[in-house]
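Residue numbers for the sequence shown follow our numbering, beginning at 606 and rising by one. Step one of this worksheet: look at the structure below.
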Amino acid sequence: MNDAVVAVAGWGKTEELANAVAREPNPERTLVLTYTETNQREDTLRIFQKTTGAKRHASVTGWKAFQLHDIVRPYLPLLYPGIRLRGLSNRDVDLDKRPGGSDRYLTRDGDAYPSLLGKLTLDVIDSSKGAAIRRLERLYDSIYIDEAQDLRGNDLCVLERLLKSSIDVHLFLDPRQSTLSTAEKDRKYKKNYPNAEVIKLYREWEGKDLLDIRYENETHRSIAPIAALSDIIVGDELGFGPTVSVVEPRGRHDGIYIIAKSDLDRYVSEYGATLLALQKSEKYGISDSMNFRKSKGMTRNDVVIVTTGPIEKFLTTGAALKPVSVCNFYVAVTRAKYSVALAVENPERVFRSISSNGSVWDGISVEKLY
606 MNDAVVAVAG WGKTEELANA VAREPNPERT LVLTYTETNQ REDTLRIFQK TTGAKRHASV
666 TGWKAFQLHD IVRPYLPLLY PGIRLRGLSN RDVDLDKRPG GSDRYLTRDG DAYPSLLGKL
726 TLDVIDSSKG AAIRRLERLY DSIYIDEAQD LRGNDLCVLE RLLKSSIDVH LFLDPRQSTL
786 STAEKDRKYK KNYPNAEVIK LYREWEGKDL LDIRYENETH RSIAPIAALS DIIVGDELGF
846 GPTVSVVEPR GRHDGIYIIA KSDLDRYVSE YGATLLALQK SEKYGISDSM NFRKSKGMTR
906 NDVVIVTTGP IEKFLTTGAA LKPVSVCNFY VAVTRAKYSV ALAVENPERV FRSISSNGSV
966 WDGISVEKLY
């Protein structure tokens, strides 16, 4: 049976995945996939901790490595006779140049372009007349995919083929954290399901009985005001439901704060907060900061976020953010356990707007510092 766990930041997706993999009766027939090398290392460590002493272990590998080694390499000659696959190219495709044949997907050296690997995989599956999927069915009883929201473009079509196979596919994802993409330049589904809106596709699959979705909205990372702020960022249009915090405040400097960008150094020095910014800026001395997207997966007691122009406008007027900005802002806010400071250009205006917008910010204590 196929299923998808859609969980808020801080619920414990990796822990739940590791527990589920540890319960598999045939670990040698169990495959764990995820996009980034960081997640591959984390999943390997967590699973190993759960299965210490076991003689057999599940395999953990990257999504693209899986496509290359388990599907494309064995069956590429059926699609392009005489063409050999070497690996994955370290440069992506130029969509302005669309040659035909194998040159569309592969470099002269036989390396696959990352953004078109999903489409190549689909073409290989079709040219094999189903043999590629049948081979996977002989190899694996269960496939787990961690951070499945990273799958984009034609990689989602490959995922659908897996869901239609006899393999049990288990997905763990948070569409609200859709900041990465396995196929940056692949236009498939880009318009209809951008970023967090990919949940619509999963619900379509559920409607076709391809999987069951389970929602987990309890966070073990952030206190209630931070959880509430994360819900404001995402909105309720996609129907994720409210986030519930089970974290107790520590009793000092808890909650949401507004500061001026000119006070960043002072705030970081005073509270030891981790500085998150979308890009570095010498104007405010932002040199020792972490990018929003690269912060995904980490937990910090206190975080200060250097807001962008669109984010400050969102805080001031409620103007809608672009889908990618929603996810970036959500990831940044949900790194924090006890406090989030929002560094803005005009703290007085932002604070007044928040204070007067009780219908949206009801019950969330926000304080302006300095």
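All C-beta atoms, glycine included, are put in the ideal place defined by N, C-alpha and C. Keep in mind that this is a model prediction, so the values were computed, not measured.
Bridge-paired residues (DSSP) for residue i
i	result
Lys927	Paired residues: none, contrary to the question.
Tyr578	There is no way to answer for residue 578, as the model of the chain reaches only from 606 to 975.
Asn896	Ala882
Ser850	Thr824
Gly667	Thr639
Val908	Thr879 and Val945
When the options are compared against residue i, the one with the closest alpha-carbon
i	options	result
Lys796	Lys618, Gly758 and Asp817	Gly758
Gly860	Trp966, Asp814 and Thr787	Trp966
Leu722	Ala627, Glu789, Ser900 and Gln884	Glu789
Lys901	Gly963, Ala948, Leu778 and Asp817	Leu778
Val566	Ala948, Asn933, Lys942 and Pro915	Only positions 606 to 975 of the chain appear in the structure, and residue 566 is not among them; the question remains open.
Ser770	Leu744, Gln782, Ser720 and Leu756	Leu744
Asn933	Lys918, Arg646, Thr904 and Arg898	Arg898
Gly706	Glu802, Leu673, Pro928 and Ile688	Ile688
Gly715	Glu811, Arg646, Tyr685 and Ser835	Tyr685
Ser827	Thr656, Lys805 and Ala941	Ala941
Pro632	Ala736, Thr848, Ala659 and Gln672	Ala659
Length of the line joining the Cα atoms of residue i and residue j
i	j	result
Lys724	Arg691	17 angstroms
Asp907	Ala882	14 angstroms
Ser961	Pro830	17 angstroms
Val774	Ser867	49 angstroms
Ile750	Glu953	45 angstroms
Leu926	Leu681	42 angstroms
Tyr872	Ser944	12 angstroms
Ile772	Ser747	6 angstroms
Ser606	Glu752	Before going on, a small fix: residue 606 reads as Met here, not Ser. Cα to Cα, Met606 sits roughly 19 angstroms from Glu752.
His825	Gly914	31 angstroms
His858	Thr666	41 angstroms
Glu647	Arg905	18 angstroms
Pro799	Thr726	22 angstroms
Residue i CB to nearest heavy atom of the ligand PLP below 7 angstroms
i	result
Leu806	Within the structure as shown, the ligand PLP is missing, as the structure has no ligands at all.
Supposed close pair residue i, residue j - CB separation, criterion 8 angstroms
i	j	result
Ile676	Val729	6 angstroms
Val955	Thr921	6 angstroms
Tyr710	Asp697	12 angstroms between Cβ atoms; not a contact.
Ser694	Thr712	5 angstroms
Tyr794	Leu816	So it is not a contact: roughly 17 angstroms between Cβ atoms.
Ala614	Gln782	6 angstroms
Trp668	Thr639	7 angstroms
Leu834	Val938	6 angstroms
Glu809	Ile818	With 8 angstroms as the limit, Glu809 and Ile818 do not qualify as a contact, their Cβ atoms being about 11 angstroms apart.
Original post:
Taking only runs of the beta strand (DSSP E) that begin and end inside the segment 744-829, which ones reach a length of at least 3 residues, in chain order?
Top reply: 747-751, 773-778 and 817-821
Subject >> Segments assigned beta strand (DSSP E), at least 3 residues, entirely inside the segment 685-720 >> reply: none
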